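Asks:
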Ligand SMILES: Cc1ncc(COP(=O)(O)O)c(C=O)c1O
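Numbering (our numbering), first residue to last: 3 to 382.
#1: What number of angstroms, rounded off, separates the C-alpha of residue 112 from the C-alpha of residue 148?
#2: Mind checking whether the beta-carbon of residue 233 lies closer than 8 angstroms to any heavy atom of ligand 1?
#3: Using the C-alpha atoms, what's the distance from residue 204 back to residue 268?
#4: Would you decide whether residue 255 is buried or exposed? Buried here means 16 or more other CB atoms lie within 10 Å of its CB.
#5: Return the Cβ separation of residue 336 and residue 381 in integer angstroms, given the expectation that the two are a contact with Cβ distance under 8 angstroms.
#6: Consult DSSP for residue 246 and reduce its assignment to one of helix, strand or coil.
#7: Taking the CB atoms as reference points, tell me whether residue 72 and residue 263 lie closer together than 9 angstroms.
#8: Are residue 289 and residue 366 close, meaning C-beta to C-beta below 9 angstroms?
#9: Should the region 168-187 be regarded as contacting the region 116-131, the criterion being three or more beta carbon pairs within less than 8 angstroms?
#10: Over the uninterrupted alpha helix (DSSP H) stretch that includes residue 289, give me the two end residues.
#11: Assuming residue 315 and residue 176 make a contact with CB atoms under 8 angstroms, what is their CB distance in whole Å?
#12: Would residue 48 and residue 242 be called neighbours here (beta carbons separated by less than 9 angstroms)?
#13: Any heavy atom of ligand 1 within a distance shorter than 8 angstroms of the CB on residue 317?
#14: Determine the contact status of residue 98 and residue 251, defining contact as a CB-CB distance below 9 angstroms.
#15: Tell me whether residue 159 sits in a helix, a strand or coil according to DSSP, three-state version.
#16: Is residue 177 helix, strand or coil when you go by DSSP?
#17: Which residue comes first and which comes last in the alpha helix (DSSP H) that contains residue 193?
#18: Mapping the DSSP letters down to three states, classify residue 106 as helix, strand or coil.
#19: Which whole-angstrom value is the C-beta distance of residue 110 and residue 258, which I expect to be below 8 angstroms?
#20: So what does DSSP say about residue 7, is it helix, strand or coil?
#21: Given the structure, does residue 178 come close to ligand 1, in the sense that its CB is under 8 angstroms from one of the ligand's heavy atoms?
#22: I'd like the span of the alpha helix (DSSP H) that includes residue 284, first residue to last.
#23: Indicate, with yes or no, if ligand 1 has a heavy atom lying under 8 angstroms from the CB of residue 201.
#24: Just reading off the alpha helix (DSSP H) that residue 135 is part of, what are its end residues?
#25: Using a Cβ-based criterion (distance less than 8 angstroms to any ligand heavy atom), does residue 230 qualify as near ligand 1?
#26: Rounded to whole angstroms, what's the CA-CA distance from residue 32 to residue 236? Just pull it up for me.
#27: How many whole angstroms separate the CB atoms of residue 371 and residue 41, which I take to be in contact at a CB cut-off of 8 angstroms?
#28: Could you check if residue 61 is buried or exposed, using at least 16 other CB atoms within 10 Å of its CB as the buried criterion?
#29: By Cβ distance, which residues of its chain are closer than 8 angstroms to residue 220, with the 5 residues on each side in sequence left out?
#30: Provide the residue span of the beta strand (DSSP E) that contains residue 232, from first to last.
#31: Can you tell me whether residue 83 is buried or exposed, with buried defined as 16 or more other CB within 10 angstroms of its CB?
#32: Could you tell me which residues DSSP pairs with residue 423 in its beta bridges?
#33: Taking 8 angstroms as the cut-off, is the beta-carbon of residue 242 closer than that to any non-hydrogen atom of ligand 1?
#34: With a threshold of 7 angstroms on Cβ separation, who are the neighbours of residue 45 within its own chain once the five nearest residues in sequence on each side are excluded?
#35: Give the secondary structure of residue 41 by DSSP, where H, G and I count as helix, E and B as strand, and everything else as coil.
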C-alpha cells in the first residue's frame, strides 16, 4: 500500500514538472525537419554527408563492430592510440585523450582536475556540460559577464587567490555566435596566475588553419592548460578529445570517471574522426565556402535590429517564449529549419532565433533567409 502511494507521488511530481513547462511555453519536443533548408544543424561544413569520407569509411577493415569494453579494459586499440597521437599533432598539443562526447569530456575534465578547495571564474554563457563538471568539482564558482575582461578582473580582485584558480570559457559561443577575447584572457590570467580551460566545440573546423580552432588561430594554445575539442559538430562524427599535457592525460586516465567507467567508442567511429580531420587537411573548399556565405549574409543584413553573430552562428533576439516560437514556426512555413532557443538554455528575456550557416547552403537559400528576416523585421 505504502509503495503505491509513493508511485502516485512520483507520477504527480513528473506531471507537475511537465505541466509547469507547458504553462511557461518552455516545453521541449523532439522534431524532425530534415526536408527543410538546414539553418539549424551544427554540420557547418556538411561533413555528415561527405562522399569522400563515406567512401573511405567503406574501405575500413572492420574487425570489431563494438569496442567491447572501456579503454582501460578491452576497449583500447591501435586506432584509438594512433588517433590520439594524430589529434595531438593536428591541434598542436602535447597530448590528446578521447572521450565519448563533448559533454563527457567537459564533465570528466572539470570534475577531475578542479578540486573543492579551488576557485573557478567562468563566463556566464558557458555550456551546460561545463556547468555540470564544475558542480561535481565542488569548487567555489564565480561567474563573470559574458566576454567581459574588465568584469573578470573585478571579480578576481575581489576574491582570495590563495587557492589554485581557474578561468573557464568557450572560444566561440554556440548561443551568441561571438568569439572570446582569448589574448586578453591570457594576459590577465598570467598576471594573477590563473589557469585557463577552453571549450572549442564550435570553433573546430570553422576557424584557424585547416579548422584547428581559435586557440590555434590566435596562437594562445601554448598558454592554455587544457582545451576541449568535439567531433559531433563541424567534424560531422561523434566524440571529443581533451588536449593537454602528457601528465594531465595520465591523471585523467587514472581519475576521470567519465573516461574510466564507460565503453570506448567503436574503432570505426575513431577512424571516422581521423578521416574527417584528414578531409580538413586535404580539402579547404568547404571552409572557404562557409566563410564566403558568412560574408554575403553579414553584408546584406546590416541594419537588421537585434541580429548579431561573428561566424557561422547568428542570433536574433526575440524576447518571450511564445514570440520566438511563433517566429521559428513562420520560418519553417517558408521551408527553413531555424531553431528557437529558450530558457533555461539561455536566460529568460534573451530568447532568440539561432541561425546557422553552412558551406552546403546555396546562395538562393541564403537570400531567401535574408529576405524573410527583412520582411519579419519590418513587421516586428
Ligand atoms: C560549447 C559546447 N560544449 C560541449 C558540447 C557537448 O558536445 P557533444 O555534443 O559532443 O556532447 C556542446 C554541445 O552542444 C557545446 O555546444
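Just so it is clear, CB atoms sit at the ideal spot from N, CA and C, and this is done for glycine as well.
Given the structure is predicted, the values throughout are model-derived calculations rather than measurements.
Replies: Inspection of the coordinates gives the following:
#1: 20 angstroms
#2: yes
#3: If I take the Cα positions, the gap works out to 24 angstroms.
#4: exposed
#5: Contact doesn't hold; Cβ gap of about 14 angstroms is too wide.
#6: Strand, per DSSP.
#7: yes
#8: no
#9: yes
#10: 287-302
#11: 6 angstroms
#12: Not closer than 9 angstroms, so no.
#13: Result no, Cβ not under 8 angstroms from ligand 1.
#14: yes
#15: helix
#16: coil
#17: 184-193
#18: The three-state secondary structure of residue 106, taken from DSSP, is helix.
#19: 4 angstroms
#20: helix
#21: no
#22: 269-284
#23: yes
#24: 130-139
#25: yes
#26: 22 angstroms
#27: 6 angstroms
#28: Result: exposed.
#29: 184, 185
#30: 228-232
#31: exposed
#32: Beyond the ends of the chain as shown, which are 3 and 382, falls residue 423; an answer cannot be given.
#33: yes
#34: 238, 360
#35: coil
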